[in-house]
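Going by our numbering, the first residue of the sequence shown is number 1090, and it counts up by one from there. All C-beta atoms in this analysis are idealised placements derived from N, C-alpha and C, irrespective of residue type, glycine included. Structure, as structure tokens:
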Amino acid sequence: MSKPNVRTNFALVAVGLLALAAVTAGVVAYAVSKAPKHYPELTVFANGESVVVEPYGYCELSNGECVNDESTYYIPATSGKPVQVSLPTSVAEAPWIVVTVYERPNGEQFERILSFIDYPAETRFLSLDTQPEPELRLAGFEVRLPIVYTDPATGQEMYDVHGLWRVGTPQP
């Protein structure tokens, strides 16, 4: 029996490496397909604390896949000190609105709306006033990603939200 030549050895090594690469690609593809979905998260800062806020509800526009966690996150906020919100790139680059809810001592509530239109393009950080007037305090806020669509049944343009993050701001 003759000894394999250099070409044969090279071909065997190449086939082995190709098989190893194919197996590795298959394992990676399987792992990625089974990985949990990661949806955009906000980071909220107040009183020296931070909280990562997952979506209350979020729908992917590309495939209609939705998650409805329906969790409200809480971070204590002192009146007169701002609450800062860090927006992930996917939110900062999209049309967004922030609905702030302010409350008077008697429980009466007022909403104020902030919009991406009020800020420079792709703003990543927002500072929310916790006490815009002496008798008002920030009770909470929502960050929303709106979408406008046409109702196929009526032909009317409709407004809905495909991303929502909800934060309550109790006093410390």
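For Ala-1100, the three-state secondary structure derived from DSSP is helix. Under the DSSP assignment, Ala-1181 falls in the alpha helix (DSSP H) whose first and last residues are 1178-1181. For Arg-1193, no beta strand (DSSP E) segment is defined, and its DSSP state is neither H nor E.
Residue Leu-1227 holds the alpha-carbon nearest to the alpha-carbon of Pro-1194 among Ala-1181, Leu-1227, Pro-1184, Ala-1210. With 16 or more other CB atoms across the displayed protein chains lying within 10 angstroms of its CB, Ala-1135 is buried. Bridge partners of Trp-1254 according to DSSP: Val-1232. DSSP places Gln-1245 in no beta strand (DSSP E); its state is neither H nor E. When beta bridges are read from the DSSP output, Thr-1189 appears opposite Arg-1201, Phe-1230.
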